[in-house]
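K.L.:
Protein chains in written order, with our numbering: chain A, 3 to 274; chain B, 3 to 274.
Cβ atoms here follow ideal geometry from the backbone N, Cα and C, with glycine treated the same way.
Being a predicted model, the structure only gives us computed values, none of them experimental.
See below:
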């Protein structure tokens, strides 16, 4: 994307939105949301803000008081920490403990919710891939993994396997989702894909050159769907390896694209 | 300017700049600097940030730590307060006590300087209006007035009159400039234009509907130049009244436009 093609037309009246993360170079939100603002005729801009974990609280405090700063998208590694810095959690944020979107309420307090899970499901379904009755393995029980496990369970998957290098985090997520979803087997698993219909990588393993595969895919065939939520690289080693086996692969940007409309409604609804 | 004409093409790699003020709607910097970034082929964006005085320190602290936030333009009413929040002051900032531009040095410390005065002089001179030997009346001894008085004195004006509703602020500015400029008469004056060649309004009087004129222009004729630094409205009551008398009028945006190149060099020079 060339910076010379098309200039930002911003003014002192432009409302400010941001995505905050660390690292930040990989994010797709500026492109997607600025297009969405334009499509709705809104004088608003979304910029990327690169903020380290120790500086997040100060950044949120600044967001809170800045008069023309209306909304915040939150990405890795801040989704869980930010949940403790705001007054109100929507349904998915309360359930997952992770926030990926924050807006201001009329009284100035902050409301956060999480649309990652819904975005992931919508991204798959827009390609004709349903989850009902499927065996799904989710790698990673952090903020994104938690959102995906909950959303997959809500789609009435038959079984959801969960793996995390941190056994406690893995077991906590299994226990939490098992506690409020009926008719779906939620279980701790090893990072082995054999026997699953859909594999989802929700870790950052694959972002850095030389990363190993986050899951052993030796046992899967072309009927398996392999998804990654990593945005950059678009084709992670996992997706490349799965493609070599003839699998359907599903790239990370679909989760983001699947939630743009939902997040826009959240930002601009008078009473969320 | 329609928001639908041309979309911001921003990404996670875009470097962030901002103008901070209160109010903020009037600022022209987003338009001017985004065009300047584009002209230089830089992947950077300047957005407006509306921050109240009590929140300025937190905002500057956030600017300091945000890894992709590289520069700050400072406008009313923060130019003097911000000078006490940063490590280094350039020549014009040290002399005026007011900062209108801040960048980060390689060690992470902040350097501020003030290009308002130079911008005002350059704006006038680009229209063929020189100040050498002239009698100039400056209304307002705040951050902008201070910058303009210093810059006008540097142009070897014959006499610079200074008025401010706050007599102490007025006298302090007269004493300060008299102390380091030779051959120019700097004196406290009433807000009466008669006898001056150039009148400059450096107050915010004229921004709000119904504001009185900041200076009595009953005694001036068409040979007088009347300038305002207010950006919005573009045609202030002062400029309209002066135009009715046949005076040459000079709008506020010229001061801003006159300093864009200088500020760009300040932002992007490796060793300022």
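Using the beta-carbon of each residue, which ones in chain B are nearer than 9 Å to residue 28(A)?
P.N.:
Under the 9 Å cutoff, chain B gives 14.
K.L.:
What would DSSP say about residue 256(A), mapped onto helix, strand or coil?
P.N.:
In this structure, residue 256(A) counts as helix in the three-state DSSP scheme.
K.L.:
So the candidates are 135(A), 32(A), 166(A); which of them puts its Cα closest to the Cα of residue 185(A)?
P.N.:
Of 135(A), 32(A), 166(A), the residue nearest in Cα terms is 135(A).
K.L.:
What in chain A is Cβ-close to residue 73(B), meaning under 9 Å?
P.N.:
By Cβ distance, chain A contributes nothing, its closest Cβ being about 14 Å from residue 73(B), past 9 Å.
K.L.:
Can you list the residues of chain B that residue 60(A) reaches, using a CB-CB cut of under 8 Å?
P.N.:
Residues of chain B passing the Cβ test: 60, 63, 64, 67.
K.L.:
When the Cα atoms are used, what is the spatial distance from residue 4(B) to residue 11(A)?
P.N.:
Low confidence applies here, because residue 4(B) scores a pLDDT of 37, under 50, leaving its location unreliable; read the following figure in that light. Taking the straight line joining both Cα atoms gives about 8 Å.
K.L.:
Per DSSP, what kind of secondary structure is residue 160(A) in: helix, strand or coil?
P.N.:
In the structure shown, residue 160(A) sits in coil (DSSP, three-state: anything other than H, G, I, E or B).
K.L.:
Counting only beta-carbon atoms, is residue 80(A) nearer than 7 Å to chain B?
P.N.:
Judged by the 7 Å Cβ criterion, residue 80(A) is not in contact with chain B.
K.L.:
Please go through the same chain and pick out, in chain order, the residues whose beta-carbon is closer than 7 Å to the beta-carbon of residue 193(A), but skip the five residues on each side of it.
P.N.:
Cβ within range, chain order: 141, 165, 216, 217, 218.
K.L.:
Just to make sure I have the definition right: I need the residues of chain A whose C-beta is within less than 8 Å of the C-beta of residue 18(B). Which are they?
P.N.:
By Cβ distance, chain A contributes 49, 50, 51.
K.L.:
Which residue wins for smallest C-alpha separation from residue 22(A), given the options 172(A), 121(A), 82(A), 207(A)?
P.N.:
Selected option, being the one with the closest Cα: 82(A).
K.L.:
Using the C-alpha atoms, what's the distance from residue 128(A) back to residue 2(A)?
P.N.:
The first residue shown for chain A is 3 and the last is 274, placing residue 2(A) beyond what the model contains.
K.L.:
Mind pulling the chain B residues with CB within less than 8 Å of residue 54(A)?
P.N.:
Simply 67, 69.
K.L.:
In terms of alpha-carbon separation, which member of 169(A), 67(A), 27(A), 39(A) lies closest to residue 236(A)?
P.N.:
Among 169(A), 67(A), 27(A), 39(A), the Cα nearest to that of residue 236(A) belongs to 27(A).
K.L.:
For residue 57(A), return the contacting residues in chain B, with the cut-off set at a CB-CB distance below 8 Å.
P.N.:
The answer, in chain order, is 64, 67, 68.
K.L.:
So what does DSSP say about residue 98(B), is it helix, strand or coil?
P.N.:
Reduced to three states, the DSSP call for residue 98(B) is helix.
K.L.:
Starting from residue 228(A), trace the beta strand (DSSP E) both ways and give me its first and last residue.
P.N.:
Start and end: 227-230.
K.L.:
Should residue 211(A) be flagged as near chain B, meaning a C-beta pair shorter than 7 Å?
P.N.:
No, its Cβ sits nowhere closer than 7 Å to a Cβ of chain B.
K.L.:
Apart from the five residues on each side of it in sequence, which residues of its chain come closer than 7 Å, Cβ to Cβ, to residue 151(A)?
P.N.:
Excluding positions up to five away in sequence, the list reads 140, 162, 164, 175, 179.
K.L.:
Could you list which residues in chain B have their beta carbon closer than 8 Å to that of residue 33(A), in chain order?
P.N.:
Within chain B, the residues near residue 33(A) are 11, 12, 13.
K.L.:
Just to confirm the assignment, what range does the alpha helix (DSSP H) spanning residue 80(B) have?
P.N.:
It is not in any alpha helix (DSSP H) - residue 80(B) carries neither H nor E in the DSSP assignment.
K.L.:
Note the first and the last residue of the continuous alpha helix (DSSP H) segment covering residue 265(B).
P.N.:
Note, residue 265(B): alpha helix (DSSP H), 262-270.
K.L.:
Can you tell which of 104(B), 205(B), 158(B) has its C-alpha closest to the C-alpha of residue 182(B)?
P.N.:
Among 104(B), 205(B), 158(B), the Cα nearest to that of residue 182(B) is on 158(B).
K.L.:
Which whole-angstrom value is the C-beta distance of residue 168(B) and residue 149(B), which I expect to be below 8 Å?
P.N.:
Residue 168(B) to residue 149(B), Cβ: 17 Å. No contact.
K.L.:
Taking the alpha-carbon of residue 252(A) as reference, which of 137(A), 155(A), 201(A), 212(A) has the nearest alpha-carbon?
P.N.:
Out of 137(A), 155(A), 201(A), 212(A), 201(A) has the C-alpha closest to the C-alpha of residue 252(A).
K.L.:
Counting only runs that start and end within the stretch 14-79 of chain B, where is the alpha helix (DSSP H) found for 4 or more residues in a row?
P.N.:
Qualifying alpha helix (DSSP H) stretches, in chain order: 31-41, 58-67.
K.L.:
With respect to the alpha helix (DSSP H) encompassing residue 124(A), which residues constitute its N-terminal and C-terminal limits?
P.N.:
Element bounds for residue 124(A): 118-127.
K.L.:
Expressed to the nearest angstrom, what Euclidean distance is found between the alpha-carbon atoms of residue 80(A) and residue 269(A)?
P.N.:
Going from the Cα of residue 80(A) to the Cα of residue 269(A) covers about 19 Å.
K.L.:
Closest to residue 25(B) by C-alpha separation, out of 15(A), 29(A), 32(A), would be which residue?
P.N.:
Residue 15(A) is the option with its Cα nearest to residue 25(B).
K.L.:
Look at the alpha carbon of residue 154(B) and the alpha carbon of residue 34(B), and state the distance between them as a whole number of angstroms.
P.N.:
For residue 154(B) and residue 34(B), the distance between alpha carbons rounds to 24 Å.
K.L.:
Assuming residue 195(A) and residue 238(A) form a contact by the criterion Cβ under 8 Å, report the distance between their Cβ atoms to the nearest whole angstrom.
P.N.:
Their Cβ separation, rounded to whole angstroms, is 14 Å, which puts residue 195(A) and residue 238(A) out of contact at 8 Å.
K.L.:
Taking all protein chains shown into account, do 16 or more other C-beta atoms lie within 10 angstroms of the C-beta of residue 220(B), making it buried, or fewer, making it exposed?
P.N.:
With fewer than 16 other Cβ atoms within 10 Å, it is exposed.
K.L.:
So, at 7 Å on beta carbons, what are the nonlocal neighbours of residue 173(A) in its own chain, with the 5 sequence-adjacent residues on each side left out?
P.N.:
The answer, listed in chain order, is 190.
K.L.:
First and last residue of the beta strand (DSSP E) that includes residue 115(A)?
P.N.:
Unbroken beta strand (DSSP E) run through residue 115(A): 112-115.
K.L.:
What whole-angstrom Cβ distance do residue 1(B) and residue 256(B) have, given they're in contact under 8 Å?
P.N.:
As shown, chain B starts at 3 and ends at 274. That puts residue 1(B) outside it, with no answer to give.
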